[in-house]
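Here is the structure we will look at, set down as structure tokens.
Protein chains: 2
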Amino acid sequence: MSKRNVVEVLTDLGKDIVSTLRDGEFPTFKLPDRGTKNIVYDSAADQFILGNSQITRDSSNTKHIRSFAQLIWVAYFAKQLIEADRTSSLRDLYYSSEAFGIDFCDQAESDRMVIDLECLTGVPREKFGIFPEEHSSIFGAVTMRYTVRGYEGKEVDLTMSPDGLPVGRALMTAEPISTEAEVLLAVESGGMFSRLIETRAWERYNAVLVQLGGQAPRSTRSLMKRLHDELDLPVLIFTDGDPWGMHIAQVVISGSANSAHIMGLTIPDARWIGVTPSDIVEHALPSEPLTNADLKRLDELSRDARYTGMEWKNHIKEFRALQRKTEQQAFSRHGADYVVDTYLARKLE
Amino acid sequence: MSKRNVVEVLTDLGKDIVSTLRDGEFPTFKLPDRGTKNIVYDSAADQFILGNSQITRDSSNTKHIRSFAQLIWVAYFAKQLIEADRTSSLRDLYYSSEAFGIDFCDQAESDRMVIDLECLTGVPREKFGIFPEEHSSIFGAVTMRYTVRGYEGKEVDLTMSPDGLPVGRALMTAEPISTEAEVLLAVESGGMFSRLIETRAWERYNAVLVQLGGQAPRSTRSLMKRLHDELDLPVLIFTDGDPWGMHIAQVVISGSANSAHIMGLTIPDARWIGVTPSDIVEHALPSEPLTNADLKRLDELSRDARYTGMEWKNHIKEFRALQRKTEQQAFSRHGADYVVDTYLARKLE
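Chains A and B are the protein sequences, given in the same order. When we follow numbering that gives the first Met the number 0, the leftmost residue of the first sequence carries the number 0, and every step to the right adds one. When we follow numbering that gives the first Met the number 0, the leftmost residue of the second sequence carries the number 0, and every step to the right adds one.
What follows is the structure, given as structure tokens:
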């Protein structure tokens, strides 16, 4: 969606309100219900989506008027931002509200209003220039073209910084131009990311490396999806060998409940390459017993619609049988090169 | 210290042990005592240093033999790393030990052994290629020259990525070549860092920007110090307006107790530019009451040798009188440009 289209969506929203008021009526918003009961798994799209249940925010209702006004202000703030070609963190948005007498209890409340605006308009907040502070990194033989002010049209080679490049506001809005790589390998930890750069594993396997840093920020998932779609890069995900690591991969593949109102973030044919429970055994990795929290998480995942595939069911079964977990770094037990020369060599075949 | 010198230090350590054994004696290590009682503030160096108290680790003592062996293994691991031109995270080091039958209870124990090696040799772990995972970022008109493998001699302009560059293993070992900037401005939060890039405040104030991300990693402090010393950049630090933000600045200026065994990390003429308690009043910033934890922290700081200067005493007094704190982002209350056009304009005069 182009910048002009985004402004148009916001302008139309404002015009609707004004014309309703001119007709002597109270304006209302209809929003999809984001309650857990209205989040359904759409197997065709292979992601969570919101169901048909809706809620109405009615400005004639004194209980609704506060959040109604807050939502209008967030839309106003977003329009100002995009027209000024600026961006804002969610935290800045929260503080900016004070000058307008908009009374948010806390940042959690203003963050929710931003999600409401996303639902109302179908536009993800990144398009309005509103970002969280979280970051992950990328490194590999990809050329991208910046679109941010001061850097328009400038091309960047993602191998230029041997520490990787942060997936910040500039990179997440840049256009993928070309790649010499054959695969995108996303890894959970910064330590593994550094090791794969340093040992030149990226060259050996023709891989673009992405450091997820735990649950991947939406900006990173979106960048990975564009590299997958536009540059035909298959996506592999390498995480710690525990229920949480497995789920980091799952969210990249099939989406999260929290982002059920955003389409086009999932990569259904991405694959989790481990560390799987059977890898723990096969590679004789140092491991620890699953905790109660881990076991509880496995129970939740076994009831989760995203885990109905046979392969996922097997992973859960094996975790339960093995009762152990491990980390990506555990391969160091076999020397610094084992993870690249042996483990990844087999997985990337 | 050059790579060859570092290897020499480790080799000498090994030779000493072997020759002691050949003489039929039990080798011992003498280490500075790192207990809080032996950490003193050296006002000449303007940083914490370790006092004269020493501990002995004696291989003839069964209580010492375990940690004695662990320390030798860490020295061995460091020598392997540096000779292979590799690096390792602290986590990887912990896992690597298992293959050698070195029995660390947990990573905290292996991390302590790395500090022991630093104390024993006087060489910071970064010189051995051992790093934590933490990261901060940098952006500005500085040219640096990489020294890491595959990038030797390659120059990088630190404005090349509009998202900033991570201060990773490559950048922290790169050499500062030249700068067009006149000041180094370190900021606490990622949001402020992005804003100062995006609004081109770095250009307007001729500033190199560093994002500390809370308490600055040692690698970032070391890079800042080299930019200060080698390129004559004065250092200003801009943090949240609370006791914790003030102390983030203080650690850059005068060092931390945890790094008391490492010399050459402090920047005594760096300055904290706020947010000070009087800024909160002067700029009518949204603020919150100090919590009990904040007040307790103020008490600790008021007894801390680093806070004996009149200016610091005043800040503490004013925090206590005002009983309020704020964040960098709070300037957004006055619009997105206020922090640059008004606040920083005054502070950077």
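Every residue, glycine too, gets a C-beta built ideally from N, C-alpha and C.
Next on the checklist: Tell me which residues of the segment 315-334 of chain A have at least one Cβ-Cβ distance to chain B shorter than 8 Å, keeping chain order.
Outcome noted: Glu326, Gln328, Ala329, Phe330, Ser331, Arg332, His333, Gly334
Next on the checklist: Excluding the 5 residues flanking His314 of chain A on each side, which residues of the same chain have their C-beta closer than 7 Å to its C-beta?
Outcome noted: Numbered from 1 along the first sequence, position 315 holds the residue referred to as residue 314 of chain A. Excluding residues within five positions, the ones whose Cβ falls inside 7 Å are Met245, Thr275, Pro276.
Item to check | CB-CB length for Phe127 of chain B against Ala77 of chain B, believed under 8 Å | outcome: Within the second sequence, the letter at position 128 stands for residue 127 of chain B. Within the second sequence, the letter at position 78 stands for residue 77 of chain B. Contact flag correct, Cβ pair sits at about 4 Å.
Next on the checklist: To the nearest angstrom, how far is the alpha carbon of Asp298 of chain A from that of Asn291 of chain A?
Outcome noted: Here residue 298 of chain A refers to the residue found at position 299 when the first sequence is read from its first residue. Here residue 291 of chain A refers to the residue found at position 292 when the first sequence is read from its first residue. About 11 Å.
Checklist entry - With DSSP run on the structure shown, which of helix, strand or coil describes Gly163 of chain A? => result Here the question's residue 163 of chain A lines up with position 164 in the first sequence. In this structure, Gly163 of chain A counts as coil in the three-state DSSP scheme.
Next on the checklist: Just to confirm the assignment: which complete alpha helix (DSSP H) runs, minimum length 4, are found wholly within the segment 187-262 of chain B?
Outcome noted: 189-197, 200-203, 217-230, 242-253
Next on the checklist: Please report whether the beta-carbon of Leu164 of chain B lies at a distance below 7 Å from any beta-carbon of chain A.
Outcome noted: Residue 164 of chain B sits at position 165 when you count from the first residue of the second sequence. Chain A, which has a Cβ nearer than 7 Å to the Cβ of Leu164 of chain B, makes this yes.
Checklist entry - For the alpha helix (DSSP H) that Arg65 of chain B lies in, which residues bound it at each end? => result The sequence position of residue 65 of chain B within the second sequence is 66, counting from 1. Residues 64-82.
Checklist entry - Do Gly190 of chain A and Gln328 of chain A have their CB atoms nearer than 7 Å? => result Along the first sequence, read from residue 1 onward, the residue named residue 190 of chain A stands at position 191. Along the first sequence, read from residue 1 onward, the residue named residue 328 of chain A stands at position 329. Cβ atoms of Gly190 of chain A and Gln328 of chain A: closer than 7 Å.
Checklist entry - Excluding the five sequence neighbours on either side, which residues of its own chain have a C-beta within less than 7 Å of the C-beta of Pro123 of chain B, listed in chain order? => result Reading the second sequence from its first residue, position 124 is the one you call residue 123 of chain B. Correct list, in chain order: Glu117, Ile261.
Item to check | C-beta atoms of Met171 of chain B and Leu232 of chain B nearer than 7 Å | outcome: Numbered from its first residue, the second sequence carries residue 171 of chain B at position 172. Numbered from its first residue, the second sequence carries residue 232 of chain B at position 233. Taking 7 Å as the Cβ cut-off, Met171 of chain B and Leu232 of chain B do not qualify as a contacting pair.
Checklist entry - Smallest Cα separation from Asn4 of chain B: which of B:Asp115, B:Asp105, B:Ile81? => result As a working mapping, residue 4 of chain B is identified with position 5 in the second sequence. Closest by alpha carbon: B:Ile81.
Item to check | Contact with chain A by Val339 of chain B, beta-carbon distance below 7 Å | outcome: Sequence index remark: in the second sequence, residue 339 of chain B carries index 340 (1-based). So, not an interface residue.
Checklist entry - Are any of the Cβ atoms in chain A nearer than 7 Å to that of Tyr342 of chain B? => result Position 343 of the second sequence, counting from 1, holds the residue named residue 342 of chain B. By this cut-off, Tyr342 of chain B is not an interface position.
Checklist entry - In angstroms, rounded to a whole number, what distance separates the CA positions of Ser160 of chain A and Ile16 of chain A? => result As a first step, residue 160 of chain A is located in the first sequence; it is residue number 161 there, counting from the start. As a first step, residue 16 of chain A is located in the first sequence; it is residue number 17 there, counting from the start. Rounded to the nearest angstrom, the two C-alpha atoms are 49 Å apart.
Checklist entry - Quick one: is Pro161 of chain B near chain A, going by C-beta distance under 7 Å? => result Here the question's residue 161 of chain B lines up with position 162 in the second sequence. True, the Cβ-Cβ gap to chain A drops below 7 Å.
Checklist entry - In the DSSP assignment, what are the bridge partners of Lys324 of chain B? => result The sequence position of residue 324 of chain B within the second sequence is 325, counting from 1. DSSP, once it has assigned bridges, lists B:Glu287 as partnering Lys324 of chain B.
Next on the checklist: Considering just the uninterrupted stretch of the beta strand (DSSP E) at Ile48 of chain B, what are its terminal residues?
Outcome noted: Reading the second sequence from its first residue, position 49 is the one you call residue 48 of chain B. That run of the beta strand (DSSP E) goes 46-49.
Next on the checklist: Using the three-state DSSP reduction, which class does Ser18 of chain B fall into: helix, strand or coil?
Outcome noted: To locate residue 18 of chain B, count along the second sequence from 1; it is residue 19. Looking at Ser18 of chain B - three-state DSSP - the assignment turns out to be helix.
Checklist entry - What residue does the alpha helix (DSSP H) around Tyr145 of chain A start on, and which one ends it? => result Here residue 145 of chain A corresponds to residue number 146 of the first sequence, with the count starting at 1. It is not in any alpha helix (DSSP H) - Tyr145 of chain A carries neither H nor E in the DSSP assignment.
Item to check | Pairwise C-alpha distance: Gly163 of chain B and Leu230 of chain B | outcome: Start at 1 with the first residue of the second sequence, and residue 230 of chain B comes out as number 231. Start at 1 with the first residue of the second sequence, and residue 163 of chain B comes out as number 164. Cα to Cα, the separation comes out at about 20 Å.
Next on the checklist: Between which residues of its own chain and Pro175 of chain A is the CB-CB distance below 7 Å, once the five residues before and five after are set aside?
Outcome noted: As a working mapping, residue 175 of chain A is identified with position 176 in the first sequence. For Pro175 of chain A, where only same-chain residues beyond five positions count, the Cβ hits under 7 Å are Val141, Met143, Arg225, Leu226, Glu229, Leu230.
Item to check | Residue environment, Thr307 of chain A, which counts as buried when at least 16 other CB atoms sit within 10 Å | outcome: If you number the first sequence from 1, residue 307 of chain A lands on position 308. Its Cβ having fewer than 16 others within 10 Å, Thr307 of chain A is exposed.
Item to check | Neighbour-count burial assignment, Lys324 of chain B, 16 or more Cβ in a 10 Å radius | outcome: As a first step, residue 324 of chain B must be located in the second sequence, where it is residue number 325. Counting Cβ neighbours within 10 Å, Lys324 of chain B comes out buried, since at least 16 surround it.
Item to check | Selected residue, minimal CA-CA separation from Thr178 of chain B, among B:Arg319, B:Val250, B:Leu12, B:Leu157 | outcome: Here residue 178 of chain B refers to the residue found at position 179 when the second sequence is read from its first residue. Looking at the Cα atoms, B:Leu157 is the closest of the given residues.
Next on the checklist: Just to check my reading of the structure: Ile434 of chain A and Trp72 of chain A have Cβ atoms closer than 8 Å, yes? What is that Cβ distance to the nearest angstrom?
Outcome noted: Since the first residue shown for chain A is 0 and the last is 348, residue 434 of chain A is missing from the structure and cannot be characterised.
Next on the checklist: Which of the three DSSP states is assigned to Asp268 of chain B in this structure?
Outcome noted: On the second sequence, residue 268 of chain B is found 269 positions in, with the first residue counted as 1. Looking at Asp268 of chain B - three-state DSSP - the assignment turns out to be coil, as it is neither helix nor strand.
Checklist entry - Counting contacts by CB-CB distance shorter than 7 Å, is Tyr75 of chain A in contact with chain B? => result For this step, residue 75 of chain A is matched to residue 76 along the first sequence. So no, Tyr75 of chain A is outside the interface.
Checklist entry - From the beta carbon of Asp91 of chain A, is the nearest beta carbon of chain B less than 7 Å away? => result Here the question's residue 91 of chain A lines up with position 92 in the first sequence. Yes - at least one Cβ of chain B is within 7 Å of the one on Asp91 of chain A.
Checklist entry - Within this structure, are the beta carbons of Val166 of chain A and Leu183 of chain A separated by less than 7 Å? => result Here residue 166 of chain A is taken as the residue at index 167 of the first sequence, counted from 1. Here residue 183 of chain A is taken as the residue at index 184 of the first sequence, counted from 1. Cβ atoms of Val166 of chain A and Leu183 of chain A: not closer than 7 Å.
Checklist entry - If you follow the beta strand (DSSP E) that Ile38 of chain B is part of, which residue opens it and which one closes it? => result The residue labelled residue 38 of chain B in the question sits at position 39 within the second sequence. 38-41 is the span of the beta strand (DSSP E), which, as asked, contains Ile38 of chain B.
Checklist entry - From what residue to what residue does the alpha helix (DSSP H) around Leu30 of chain A run? => result Mapped onto the first sequence, residue 30 of chain A falls at position 31. Segment 27-31 is the beta strand (DSSP E) holding Leu30 of chain A; no alpha helix (DSSP H) there.
Next on the checklist: Please state the DSSP three-state secondary structure of Leu183 of chain A.
Outcome noted: Counting from 1 along the first sequence, the entry for residue 183 of chain A is found at position 184. Reduced to three states, the DSSP call for Leu183 of chain A is strand.
Item to check | CB contact check: Val6 of chain A to chain B, cutoff 7 Å | outcome: One-based indexing of the first sequence puts residue 6 of chain A at position 7. So, not an interface residue.
Next on the checklist: If we define contact as Cβ-Cβ less than 7 Å, is Tyr94 of chain B a contact residue for chain A?
Outcome noted: Residue 94 of chain B sits at position 95 when you count from the first residue of the second sequence. Yes, contact with chain A.
Checklist entry - Does the beta carbon of Glu179 of chain A sit closer than 7 Å to a beta carbon anywhere in chain B? => result Numbered from 1 along the first sequence, position 180 holds the residue referred to as residue 179 of chain A. Output row for Glu179 of chain A: interface = no.
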